[in-house]
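Novice: Starting off with a structure, shown below.
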Amino acid sequence: MRNWILLSMMVFEAFLLIYCLVRKSNHVPAGYLCAFLSLLLLIVTGWLLLFPKVEPLVATGDYLVLHKTDYYIDHQRVEMYSEDGSYRKLPVAFWYPKEYSNGQSCPLVVFSHGSFGMKESNETLFRELASQGYIVCSIDHTYQCFSTTLSNGKKVRLSSQFMKEVSMDKPNKKPKQSLVNFEKWMKIRTDDLNFVLDTLLEKSEKKEATNTFLNLIDSSQICVMGHSLGGSAALGIGRQRKDISAVISLEAPFLCDIQGVSDDNEFIFDQSEFPVPVLNIYSDATWEHLNEWKQYEENARLLERESRKVQNIHFSGIGHFSLTDLSLTSPFLTSVFDGTKPQKGAEITLRKINDVCLKFLDQQLKKKETN
Numbered sequence: 001m002r003n004w005i006l007l008s009m010m011v012f013e014a015f016l017l018i019y020c021l022v023r024k025s026n027h028v029p030a031g032y033l034c035a036f037l038s039l040l041l042l043i044v045t046g047w048l049l050l051f052p053k054v055e056p057l058v059a060t061g062d063y064l065v066l067h068k069t070d071y072y073i074d075h076q077r078v079e080m081y082s083e084d085g086s087y088r089k090l091p092v093a094f095w096y097p098k099e100y101s102n103g104q105s106c107p108l109v110v111f112s113h114g115s116f117g118m119k120e121s122n123e124t125l126f127r128e129l130a131s132q133g134y135i136v137c138s139i140d141h142t143y144q145c146f147s148t149t150l151s152n153g154k155k156v157r158l159s160s161q162f163m164k165e166v167s168m169d170k171p172n173k174k175p176k177q178s179l180v181n182f183e184k185w186m187k188i189r190t191d192d193l194n195f196v197l198d199t200l201l202e203k204s205e206k207k208e209a210t211n212t213f214l215n216l217i218d219s220s221q222i223c224v225m226g227h228s229l230g231g232s233a234a235l236g237i238g239r240q241r242k243d244i245s246a247v248i249s250l251e252a253p254f255l256c257d258i259q260g261v262s263d264d265n266e267f268i269f270d271q272s273e274f275p276v277p278v279l280n281i282y283s284d285a286t287w288e289h290l291n292e293w294k295q296y297e298e299n300a301r302l303l304e305r306e307s308r309k310v311q312n313i314h315f316s317g318i319g320h321f322s323l324t325d326l327s328l329t330s331p332f333l334t335s336v337f338d339g340t341k342p343q344k345g346a347e348i349t350l351r352k353i354n355d356v357c358l359k360f361l362d363q364q365l366k367k368k369e370t371n
């Protein structure tokens, strides 16, 4: 109801703006004022429609949650999306428990956002995990995220090249070209994740971290997690590294497992058992298409196979972006991007995601027995 009221107001304000613009041809000051006020009302109403005021979901754990942003530079990689020869720069955000018990260590969760996403895309989940005793690190994949700010204050927007590649990608029709894209994207993402993981573990091991909470990291309890393209990168890291204990994938195909394209234009996947426990979470956006979309073929196989390492959960009544905090901050945009209105409220969905992820992590990292 609220959205319809705001939309009606916007239509009225748009007509009023047009009327005032036509009337201002008489050069009457009141006409200019009317046009300006109509435009201002239209902008304000549009903002209220897109981004209603919402309160963040309260974390349920025992610990107060602190937040910090840091900036890492990978001096081994030149930024491929820039022509100035600079090294790749990655803003990272942390959520961590305040006043964690002395002598204890915290499991580490490292998150990779989806295409055009941001490091805060699942902050509700990050805050919940931190309140339960986890250290969460989320990466802004520079030029693949919607927007980010570097340490010098420079704003970096989404790469038009990357946006074009994603929008034009058609795995079912052009699998060979898609594989070229997948390998390129996964190389960037997994290199980012590996660099951040190595940096965090080095700082923690040397106990020289300026951010003292990093000294609490338990290097034997690490999970990589991601949404969409970020989930694919997390799954890739789960195969690449020996120090990963678990992976959580929020609706993502096993892109790093694709080894080639067959003569009949089918993707060839790595058939070996996945080395660590995986939690795959799906929405309606992909659930009914896992057997149709070529890049999700391995996901479909894992639904049919019995595996103690792989858990698959389907949240019905929601779309792809409802798996992120966009569903809370902008229900209207979520409906637009998902192509349908979620059948369940954002708070209910996000709480359920928190619950299943926490249960999985407690089982796999903290070795807790859960019901």
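Position one of the sequence shown corresponds to residue 1 (full-length UniProt numbering), numbered consecutively onward.
Glycine included, each C-beta is placed from N, C-alpha and C at the ideal position.
Using only the alpha-carbon positions, how far apart do lysine 187 and arginine 77 sit?
Specialist: In a straight line, the C-alpha of lysine 187 is about 12 angstroms away from that of arginine 77.
Novice: Return yes when the Cβ of isoleucine 258 is within less than 8 angstroms of the Cβ of phenylalanine 321, no when it is not.
Specialist: Against a cut-off of 8 angstroms, the Cβ pair of isoleucine 258 and phenylalanine 321 comes out as no contact.
Novice: On the criterion of 16 or more Cβ atoms from any shown chain inside 10 Å, does proline 56 qualify as buried, or is it exposed?
Specialist: The residue in question, proline 56, is exposed, as its Cβ has fewer than 16 Cβ neighbours within 10 Å.
Novice: Out of Glu292, Lys368 and Arg301, point me to the one whose CA is closest to histidine 170's CA.
Specialist: Note that residue 170 is lysine in the sequence shown here, rather than histidine. Lysine 170 has its Cα closest to that of Glu292, out of Glu292, Lys368 and Arg301.
Novice: Determine the contact status of lysine 344 and isoleucine 318, defining contact as a CB-CB distance below 8 angstroms.
Specialist: Yes; because the gap between Cβ atoms is below 8 angstroms, this pair is in contact.
Novice: Is it buried or exposed for glutamate 298, if we count other Cβ within 10 angstroms and need 16 for buried?
Specialist: Buried: at least 16 other Cβ atoms inside 10 Å.
Novice: Here's a check: name, in chain order, each residue in its chain whose Cβ is nearer than 8 angstroms to the Cβ of leucine 158, leaving out the five neighbours to either side.
Specialist: Here the set comprises Phe116, Tyr143, Gln144, Cys145, Phe146 and Ser147.
Novice: Take the Cβ of aspartate 355 as the centre, count every other Cβ of all protein chains shown within 10 Å, and call the residue buried at 16 or more, exposed below.
Specialist: Aspartate 355 should be labelled exposed.
Novice: On the premise that leucine 323 lies in contact with alanine 346, defined as a C-beta separation below 8 angstroms, what is that separation, rounded to the nearest angstrom?
Specialist: Actually they do not touch by this definition, with Cβ atoms about 11 angstroms apart.
Novice: Hey, quick one: how far does the beta strand (DSSP E) through arginine 157 stretch, first residue to last?
Specialist: 155–157 is the extent of the beta strand (DSSP E) around arginine 157.
Novice: Taking the alpha-carbon positions, what's the valine 261 to proline 253 distance?
Specialist: Taking the straight line from one Cα to the other gives about 16 angstroms.
Novice: Under the rule that 16 or more other beta-carbon atoms within 10 Å means buried, what is asparagine 26, buried or exposed?
Specialist: Residue confidence for asparagine 26 is low, a pLDDT of 48 falling below 50, so the modelled location carries little weight; the figure read from the coordinates is stated next. Asparagine 26 is exposed by the Cβ-count criterion.
Novice: Can you give me the Cβ contacts of lysine 352 inside the same chain, cut-off strictly under 8 angstroms, excluding the 5 residues immediately before and after it?
Specialist: Answer for lysine 352: Phe315, listed in chain order.
Novice: Shortest alpha-carbon distance to phenylalanine 94 belongs to which of Val156, Leu125 and Lys164?
Specialist: Nearest C-alpha to phenylalanine 94: Leu125.
Novice: Ends of the beta strand (DSSP E) at glutamine 259?
Specialist: Looking at the DSSP string, the run of the beta strand (DSSP E) that includes glutamine 259 is 258–261.
Novice: Need the endpoints of the beta strand (DSSP E) that aspartate 70 sits in, please.
Specialist: Note, aspartate 70: beta strand (DSSP E), 65–78.
Novice: Can you tell which of Gln271, Leu200 and Ser330 has the C-alpha that lies nearest to the C-alpha of arginine 305?
Specialist: Cα-wise, what sits closest to arginine 305 is Gln271.
Novice: Three-state secondary structure (DSSP) at leucine 108?
Specialist: Three-state result, leucine 108: strand.
Novice: Look at leucine 200 and leucine 129 and say whether their C-beta atoms are less than 8 angstroms apart.
Specialist: Not closer than 8 angstroms, so no.
Novice: Under 6 angstroms Cβ to Cβ from serine 86, same chain only, skipping five residues before and after it: list those, please.
Specialist: Answer for serine 86: Glu79, listed in chain order.
Novice: How far does the alpha helix (DSSP H) with phenylalanine 126 in it reach, from first residue to last?
Specialist: It spans 123–131 - the alpha helix (DSSP H) in which phenylalanine 126 sits, taken as one unbroken run.
Novice: Counting only runs that start and end within the segment 271–340, where is the beta strand (DSSP E) found for 3 or more residues in a row?
Specialist: If we require 3 residues or more, the beta strand (DSSP E) runs fully inside the segment 271–340 come out as 278–282 and 310–314.
Novice: Quick one: Cα of lysine 89 to Cα of phenylalanine 269, how far?
Specialist: Using only the alpha carbons, I get a separation of about 32 angstroms.
Novice: Taking only runs that begin and end inside the segment 230–269, name each unbroken beta strand (DSSP E) of 3 or more residues, in chain order.
Specialist: Whole beta strand (DSSP E) segments, 3+ residues: 246–250, 258–261 and 267–269.
Novice: Does the separation of the CB atoms of proline 367 and asparagine 172 fall below 8 angstroms?
Specialist: Reading off the sequence, residue 367 comes out as lysine, not proline. Not closer than 8 angstroms, so no.
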